[in-house]
Amino acid sequence: MTQEAIFEQERVLKSDWGGGKSPFGVSREKFTMWIFILSDAFTFGGLLAGYGSLRASLPEWPSRVEIFSSFPFINAKLPLMFVSLMTFILICSSLTMALAVDAGKRMDRKGVLKYLGLTILGGLTFLLCQAYEWGHLIHEGARLTSNPWGVPLFSASFFVITGFHGSHVLSGVIVLTIMAIRVAKGIYDKRGSYEGVEVAGLYWHFVDLVWVFIFAFFYLL
Amino acid sequence: MTETTHQTGKRVYYRVWFQLLVITVVEVVVAFLPISHSLMAVLFTIMALMKGSLIAGYFMHLKFERLGFIYTLALPLILIVALAAALIPDGTVALFMRLGLGYY
């Protein structure tokens, strides 16, 4: 290569978008995860937008206060309390995830493991709660194409939207478990950085963020 | 290695967690208020965006990234919400047609 070509190549590689470094001062891994999260947000945005215009086109919609009023082990009607508890669990798991990342910044392996464990526990609890909800609704007669409350698309939206979200929670739990095993093995200590945990944490926070919108617009509104 | 602990320490995470909880409680209360559906939708949109901004800004650390990166992500996310809102009138047109009231 000529001298000019070498200089040109170096100039390009030093520039923001030349490929020599990751743009926006964010690491490649983190940037990739954010772009993936953006695409996943489009998926859920599409589902929720479809649900929204669907509901706007129907004269009536089943009362969530009536349908979502059961609570495990309690024989009384507690409208929307169980799903509020699920929201609380997910918010807490986001907190423990942030604390795990914070521990990672201090290279505190035991702290990372503790908070990752709590986050995984929160995710599993949420999945158990969602399974209970599904079981309860299916027991009442809700199916993908019909339900006892008059509007067939109600149960279809419920199962599809919460199903998509639940599968994201499940994959998040699996990812976090794998990360916990890697942390326990000391892989990030050796690397000198717990950024991998932070990147996995981004996905987990996204799962919580999606639930914020599902909770508000499917259950409450 | 110093950290701006007043921006990203454990305290901030607990504070954000508490703010998320408060907004959630307000959301549940609003759900039971005898107000119009459209008003409820507006309130929920505002509160959901507040919670989303808290999670993205502090838990996901987006607030402390470069401004260009924040814009790169925030704009499409806002537009998704705008898209969902923009499709509602089309839904109501279908409703009016179903009820035999024409196109408006």
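These protein sequence lines are chains L and W, in that order. First residue of the first sequence: 1, per the numbering used here; consecutive thereafter. First residue of the second sequence: 1001, per the numbering used here; consecutive thereafter. No residue lacks a Cβ here, since even glycine has one placed at the ideal position from N, Cα and C.
Residues of chain W with CB closer than 9 Å to the CB of G104 (chain L), please, in chain order. Those within 9 Å of G104 (chain L) in chain W number zero; the least Cβ separation is about 12 Å.
Please report the Cβ distance between V101 (chain L) and G201 (chain L), rounded to the nearest whole angstrom; I am assuming they are in contact, meaning their Cβ atoms lie under 8 Å. 5 Å
From W:P1089, W:A1094, W:S1036 and W:A1086, residue whose alpha carbon lies closest to that of L58 (chain L): W:A1094
Strictly under 8 Å for the Cβ-Cβ distance: is A41 (chain L) near chain W by that measure? yes
Is F71 (chain L) helix, strand or coil when you go by DSSP? strand
Give me the chain L residues within the contact set of P1076 (chain W), using Cβ-Cβ distance strictly less than 7 Å, ordered along the chain. L38
Using C-beta distances below 8 Å, list every residue in its chain close to L1099 (chain W), excluding the 5 sequence neighbours before and after it, in chain order. none
C-alpha gap between W134 (chain L) and T87 (chain L), whole angstroms: 16 Å
Cα-Cα, which of L:F24, L:R28, L:A41 and L:Q3 is closest to V209 (chain L)? For clarity, residue 209 (chain L) is Leu in the given sequence; the question names Val instead. For the residues L:F24, L:R28, L:A41 and L:Q3, the minimum Cα distance to L209 (chain L) belongs to L:A41.
Run through chain A and tell me which residues come within less than 7 Å of V26 (chain L), C-beta to C-beta. Protein chains L and W are contained in the structure displayed, whereas chain A is not.
Hey, how far is the Cα of E1003 (chain W) from the Cα of G104 (chain L)? Because the pLDDT at E1003 (chain W) is just 46, under 50, the model does not fix this residue reliably, and the point stays unresolved.
How should E8 (chain L) be labelled, buried or exposed, when 16 other C-beta atoms within 10 angstroms of its C-beta is the threshold for buried? exposed
For Y1071 (chain W) and F1064 (chain W), what's the separation of their Cα atoms in angstroms? 12 Å
Note down the Cα distance separating F1044 (chain W) from Q1019 (chain W), rounded to an integer number of angstroms. 16 Å
For H205 (chain L), which three-state DSSP category applies? helix
Euclidean distance between Cα positions of E60 (chain L) and F154 (chain L): 10 Å
Does any C-beta atom of chain W lie closer than 8 Å to the C-beta of P59 (chain L)? yes
How long is the line joining the alpha carbons of G50 (chain L) and G123 (chain L), rounded to whole angstroms? 27 Å
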